[in-house]
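Protein chains in written order, with the UniProt record's numbering: chain D, 1 to 220; chain F, 1 to 220. The beta carbon of each residue, even a glycine, is placed where N, CA and C say it ideally should be. Notes for the one structure printed next.
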DNA sequence: CCGCAATTCTTACACCGTAAGGCTTGACGG
DNA sequence: CCGTCAAGCCTTACGGTGTAAGAATTGCGG
């Protein structure tokens, strides 16, 4: 059983909370690839192995970080709102919360999220779709919707608009000559355009979802 | 300048091609995390550093693998097909090609794809949308569409249905009690259901796209 | 057969996650 | 005040990683 940690005057002792927060900072400051338990401990003023007193492995720490991000999601859309509006908000909220920690998100997107908090959120989300759609359809639509939201978030945090890849990018002239549509499109690939593009596609999906829901409304 | 490689009787010499193929095999056989230049070289019967005569860094090799996967995409949908049908096929083709190498795909999804081949594919895709939509809208719709396709592919290759994460999963009882909607949904989260779920969401998007395109058809 | 360039290997370094176990410190019962 | 004990933290070590630097090998053209 964990006793209350002693507070020396010089520095606060380690804790799961402090480790997580430092990890989140470090990842956004230096990038996911550069993140290591040694650097994390150094930033906290401890040795690497001290981390392992609070997390059995780096994997467990990363899972905690995922959980932390899930916890940063805003409250579930208010039940008094119309159904489609709640779906709309949910998608926006998730994207906003996830893209706020871009470096961590590429990890989040490529790992299972089955911590209790994540499951609770999953559960509420699926239940939302079940309000207006038969079970199987609700599940599938939820999943499609999450494909879009996760795909968008990932592209914004790791995709074409981000820093250079390993190979040196093609020259501007080559771009203009060989890939004119891409060259012309690049303007709309910039971060400043993320919101508008996301919203467009999101409404595309919502329109389809609304039509689907209406069908089951009628036949009641 | 690369001279023609000599063929000894005992074993074929190294080449970019052979290295790439072995890398693709190894990644799918052992997983992305376990993939290393040393193991790759060992599999080929060489020492690790020999790889570096053909690729200046592991990053360059990985970029070549991305390019390889892009090259495995089926031919672009036939121009004689109706427009929406071509869009439909394009999405399906991309998902199918990408999910065929699940372990590699989580790398692909989290890295820029700006090799010539990838740019050429990007270019044709954007051009396809420009056939029926004004420039800006074409770009944004293309991007939305790729959000969905990439999100779906990623979830199928790295998401909830895949192997265990670090923390031990919650028990079946807890699942039933605390997350009933998730428990009931899990059946539709299995790989056998991937196709159907993808198609549903894909048609959702296509419906919206068709409506959009129709609007610009009329006002001509 | 010689020379030379293409190819491959050797060695080394800094960094990683983490297993095993030792040291330090502070709280508590006597 | 002192001995005990566990929690918290550190030391050391191991096997793995990518790759820089340069030596050794190989095989072909002259």
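Per DSSP, the continuous alpha helix (DSSP H) segment holding residue 157 of chain D begins and ends at 135-158. Note that the C-beta distance between residue 18 of chain D and residue 69 of chain D is not below 8 angstroms. From the beta-carbon of residue 151 of chain F, the residues of chain D found nearer than 8 angstroms are 146, 147, 148, 149, 150, 151, 152 and 154.
Note that the C-beta distance between residue 91 of chain F and residue 144 of chain D is not below 8 angstroms. Its chain contains 37 as the residues whose beta carbon lies nearer than 7 angstroms to that of residue 58 of chain D, once the 5 sequence neighbours on both sides are disregarded; these appear in chain order.
Taking a C-beta distance under 8 angstroms as the contact criterion, residue 107 of chain D and residue 40 of chain D do not qualify as a contact pair. Assigned with DSSP and collapsed to three states, residue 208 of chain F falls in helix. A straight line joining the alpha-carbon of residue 24 of chain D with that of residue 86 of chain F spans about 43 angstroms. The Cβ neighbour count for residue 177 of chain F, taken over all protein chains shown within 10 Å, is under 16; the residue is labelled exposed. The beta-carbon distance between residue 104 of chain F and residue 27 of chain F, rounded to whole angstroms, is 5 angstroms. This is short enough to meet the 8 angstroms contact definition. Between residue 160 of chain F and residue 205 of chain F, the C-beta gap is not smaller than 8 angstroms, which leaves the two residues out of contact. The DSSP-derived three-state label of residue 67 of chain F is helix. Close CB contacts of residue 48 of chain F within its chain, under the 6 angstroms cut and outside five residues either way in sequence, are with 37, 38 and 41 (chain order).
Between residue 84 of chain F and residue 20 of chain F, the CB-CB gap reaches or exceeds 8 angstroms.
Excluding five sequence positions before and after residue 154 of chain F, the CB atoms of its chain that fall closer than 8 angstroms to its own CB belong to 105, 106 and 109, given in chain order. With a threshold of 16 other beta carbon atoms within 10 Å, residue 78 of chain F falls short and is exposed. The alpha helix (DSSP H) runs of length 4 or more contained entirely in the region 156-205 of chain D are, from start to end of the chain, 172-178 and 180-185. When C-alpha distances from residue 80 of chain D are compared across D/89, D/72 and D/73, the shortest belongs to D/89. In the same chain as residue 183 of chain F, and ignoring 5 residues on each side of it, the C-beta atoms closer than 6 angstroms to its own belong to 175 and 176, in chain order. Among the residues facing chain F, residue 201 of chain D is included, as its CB has a counterpart in that chain under 8 angstroms away.
Residue nearest to residue 82 of chain F within the set F/50, F/126 and F/132 is F/132 (criterion: CA-CA distance). For residue 31 of chain D, no alpha helix (DSSP H) encloses it, and the DSSP letter there is neither H nor E. Using a CB distance cut-off of 8 angstroms, residue 37 of chain F does not count as an interface residue toward chain D. Counting of Cβ neighbours within 10 angstroms places residue 208 of chain F among the buried residues, the total reaching 16 or more. Put simply, the backbone Cα of residue 122 of chain F is about 28 angstroms away from that of residue 142 of chain D. Against residue 53 of chain D, chain F offers no close residue; the least beta-carbon distance is about 17 angstroms (beta-carbon pairs closer than 9 angstroms). Chain-order list of chain D residues neighbouring residue 110 of chain F: 106, 109, 110, 154 and 158, by C-beta distance under 8 angstroms. Per DSSP, residue 114 of chain D lies in no alpha helix (DSSP H) segment and is marked neither H nor E. From the listed residues D/71, D/117, D/194 and D/203, the smallest Cα separation to residue 170 of chain F is found for D/117. Residue-level contact check: residue 63 of chain D touches chain F, since one or more beta carbons of chain F fall below 8 angstroms from its beta carbon. In the three-state DSSP reduction, residue 85 of chain F falls in the helix class (H, G or I). Sequence-distant Cβ neighbours of residue 95 of chain D in its own chain, meaning closer than 7 angstroms and more than five residues away, are 149, 152, 153 and 198. Interface annotation, residue 57 of chain D: in contact with chain F, CB-CB separation under 8 angstroms.
The C-alpha of residue 172 of chain D is placed about 46 angstroms away from the C-alpha of residue 115 of chain D.
The beta carbons of residue 63 of chain D and residue 166 of chain F sit closer together than 8 angstroms.
Not a single CB atom of chain F sits nearer than 8 angstroms to the CB of residue 92 of chain D.
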